[in-house]
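Below you'll find the structure, written out as C-alpha cells, and then a few comments.
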Amino acid sequence: MLANPVFRYRMLTLAEGWSFVLLLVFGSLLSRVSDIDLVMPLGMLHGVLFVLLVLATLLIRRRLDWGFGTTLVALVCSVIPLAPFFFHHAKKDEFLEAERASQPA
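Numbering-wise (our numbering), the sequence shown opens with residue 2 and increments by one.
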C-alpha cells in the first residue's frame, strides 16, 4: 500500500490536517495554560507536512488527471485550516478508484 502514490497522497492530506489540529490544541492551547511549550516542534512538523503536501499535489495531479482548477483547489485547501479534511472527503471516491486501478492484478 505504501508503494501506491495515491495512497501516500491521501494519507498525507490527513496527516497535514491533523498536524494543524494538534498544533492548535496541544501547541497553542497547552502553552497558554501550562509551562509545556510544544509550538516549535509541532509547528515544524506541520510546516514540513505542508511543504510535502504542496509538492505531492503538484506531482500527483497528472496521475489523477486533474486540470488546473482541481489542482488549484487542492493547493488552496492545503493553506486553509481544516480544508484538507473537506478536500479529502470530496475526492475520497476518486482516490480509492485510482488506488484500485494502480494495484497489481
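The C-beta atom is built at its ideal place from N, Cα and C for all residues, glycine as well.
Residue environment, residue i, which counts as buried when at least 16 other CB atoms sit within 10 Å
i, result
"Arg11", "buried"
"Gly28", "buried"
"Ala75", "buried"
"Ala99", "buried"
"Ser35", "exposed"
"Gly18", "buried"
"His89", "buried"
"Ser103", "exposed"
Local conformation of residue i per DSSP, three classes
i, result
"Arg9", "helix"
"Val80", "coil"
"Gly68", "coil"
"Ser103", "coil"
"Asp1", "This structure gives no information on residue 1, because the portion of the chain shown stretches from 2 to 106."
"Leu39", "coil"
"Ala75", "helix"
"Ala4", "coil"
"Arg63", "coil"
Nearest-angstrom Cβ-Cβ length linking residue i and residue j, presumed shorter than 8 Å
i, j, result
"Leu39", "Ser32", "7 Å"
"Ser79", "Phe51", "6 Å"
"Leu13", "Leu54", "5 Å"
(request) Decide yes or no for the touch test of the region 56-74 against the region 3-19: beta carbon pairs closer than 8 Å, at least 3 of them. (result) As far as the Cβ criterion goes, the region 56-74 touches the region 3-19, which means the pair count is three or higher.
(message) Contact between the region 70-84 and the region 41-48 is defined here as three or more beta-carbon pairs at a separation below 8 Å; is this criterion met?
(response) These segments do not touch.
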